[in-house]
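Each remark here refers to the structure printed beneath this line.
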Amino acid sequence: MTDTSSSAPSAVDHSLSPQQLMALEAELLQARDALLRASRETERHLQSFLAISDADERGQQAEEHRMDLTVQEREKLQLQRIDQALQRIRDGSYGYCAVSGEPIGIDRLKAQPTATLSRAAQEKLEAWQKRS
1 MTDTSSSAPS AVDHSLSPQQ LMALEAELLQ ARDALLRASR ETERHLQSFL AISDADERGQ
61 QAEEHRMDLT VQEREKLQLQ RIDQALQRIR DGSYGYCAVS GEPIGIDRLK AQPTATLSRA
121 AQEKLEAWQK RS
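The opening residue of the sequence shown carries number 1 in the UniProt record's numbering; numbering runs sequentially from there.
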């Protein structure tokens with residue numbers, strides 16, 4: 001009689017180990033902290049622009065102000081993505097494709113910890129966007 005309980009599964013397990021999940025969570029938390037610091041700095045720049053009373057100086061600073069607004073929007077979007085990834089870690093759905101339910105894969109998550117799509121699903125989305 002052979003013991004089948006220790007035999008290898010027929011499919012490769014692509015789910016994240018607890019250590020990998022903890023490392024990715026730590027990376028997301030560090031990125032979140034850095035983003036919050038950068039966001040506070042951007043907010044200070046925006047406030048300093050609003051404090052300028054001289055119309056000529058304000059006109060000269062207008063382009064920098066527009067760039068700061070763009071940066072601020074990007075920071076908000078990235079912060080949302082990080083918070084959503086942290087929520088997925090808490091609810092157990094992190095690391096799985098939002099479209100197919102298949103594991104995203106550790107290499108992709110290391111490169112892009114906020115990824116919600118597997119490489120295959122992302123490629124299909126990009127191909128569809130090119131056709132549209």
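Just so it is clear, CB atoms sit at the ideal spot from N, CA and C, and this is done for glycine as well.
{"Query": "Beta-bridge pairing of Pro103 - partner residues as DSSP gives them", "Result": "Tyr96"}
{"Query": "Own chain residues within Cβ distance below 7 angstroms of Thr116, not counting five before or after", "Result": "Ala98"}
{"Query": "Other residues of its chain near Ala38: CB distance less than 7 angstroms, five sequence neighbours each side excluded", "Result": "Glu75"}
{"Query": "Validate contact between the stretch 19-35 and the stretch 83-90 using beta carbons, cut 8 angstroms, 3 pairs", "Result": "yes"}
{"Query": "Close beta carbons around Glu25, own chain, < 8 angstroms, minus the five adjacent residues each side", "Result": "Leu86, Ile89"}
{"Query": "Contact between the stretch 109-127 and the stretch 60-68 (3+ Cβ pairs under 8 angstroms)", "Result": "no"}
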